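In our numbering, the protein residues as written are 17 to 107.
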């Protein structure tokens with residue numbers, strides 16, 4: 017499904033919007049359980065969009081936002097066996 021958006025004052029007249037996905041789809045993308053994803057979104061650790069009034073929201077996610085959020089939190093120690101930081105070439 018493609019949705020267009022009129023952009024005023026820009027050279028491009030339409031932009032394709034990324035669809036929202038439900039918690040099970042977003043959790044599968046991150047290889048975690050939906051409940052854990054929702055807890056992280058409620059805590060503001062992962063980006064999510066609560067929809068609806070009151071305390072009980074329906075949450076929706078954009079995969080690109082999740083990927084960017086996770087990529088920005090990558091710890092260099094996670095790529096090295098034993099959890100030690102990689103040494104740079106100078107030291």
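Note that CB positions come from ideal geometry on N, CA and C, so glycine has one too. Small disclaimer: the values here were computed from a predicted structure and weren't measured.
With respect to the C-alpha of residue 84, the residue from 71, 61, 75 having the closest C-alpha is 61.
Buried is the label assigned to residue 39, since at least 16 other Cβ atoms lie within 10 Å of its Cβ.
As far as DSSP is concerned, residue 36 takes part in no beta bridge. Ranked by Cα distance from residue 75, the options 44, 58, 46, 48 are led by 58. Here the C-alpha atom of residue 70 lies approximately 31 Å from the C-alpha atom of residue 32. The C-beta of residue 44 has fewer than 16 other C-beta atoms within 10 Å across all chains shown, which makes the residue exposed. If you check the CB distance, residue 86 and residue 46 come in under 9 Å. Rounded to whole angstroms, residue 36 and residue 73 show a C-alpha spacing of 15 Å.
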